[in-house]
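To start, the structure itself, in structure tokens.
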Amino acid sequence: MESVQLNQAFLSHTPISGVAYQHNDFVLVVSGAHAGSKGSLASLISLSPEPTFILELESGFDVEIKKSELAYAVS
Numbered sequence: 111m112e113s114v115q116l117n118q119a120f121l122s123h124t125p126i127s128g129v130a131y132q133h134n135d136f137v138l139v140v141s142g143a144h145a146g147s148k149g150s151l152a153s154l155i156s157l158s159p160e161p162t163f164i165l166e167l168e169s170g171f172d173v174e175i176k177k178s179e180l181a182y183a184v185s
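Mapping the sequence shown onto my numbering, position 4 (from 1) lands on 114, and the numbers just tick up by one.
This is how it looks when you write it as structure tokens:
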């Protein structure tokens, strides 16, 4: 699946193999440079080597984040 098609599927909540999260899911960054931050998933940018997302942090900044660095957040 091409990048544009991949992101469009993510935005429309179409199930994508290997991707546990959906567009706008509220997540907590559990490791890496932004550990402890929370935000909403804005887009899916790649599947390999693991799903990688653009996360809109509560601070308003956008960061690139890997699936292994995320967990569902408690509101």
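C-beta: ideal position from N, C-alpha, C; glycine also.
- Message: With a threshold of 7 Å (Cβ to nearest heavy atom), would L165 be considered close to the ligand ZN?
- Response: No copy of the ligand ZN occurs in the structure displayed, which carries no ligand at all.
- Task: Tell me L151's beta-bridge partners as DSSP assigns them.
- Result: The residue labelled residue 151 in the question sits at position 41 within the sequence shown. Paired residues: L165.
- Message: For the alpha helix (DSSP H) containing V114, name the first residue and the last one.
- Response: Within the sequence shown, residue 114 is the residue found at index 4, counting from 1. V114 -> alpha helix (DSSP H) spans S113 to L121.
- Item | Whole-angstrom distance between F171 and G128, CA atom to CA atom | Residue numbering aside, residue 128 sits at position 18 when the sequence shown is read from its first letter. Residue numbering aside, residue 171 sits at position 61 when the sequence shown is read from its first letter. Roughly 26 Å between the two C-alpha positions.
- Task: Determine which residues share a DSSP beta bridge with S156 and list them.
- Result: For the purposes of this step, residue 156 is taken as residue 46 along the sequence shown, with counting starting at 1. For S156, which the question treats as bridged, DSSP gives the partners T162.
- By the 10 Å Cβ neighbour count, where 16 or more other Cβ atoms means buried, how is N134 classified, buried or exposed? Position 24 of the sequence shown, counting from 1, holds the residue named residue 134. It is exposed - the Cβ of N134 has fewer than 16 other Cβ atoms within 10 Å.
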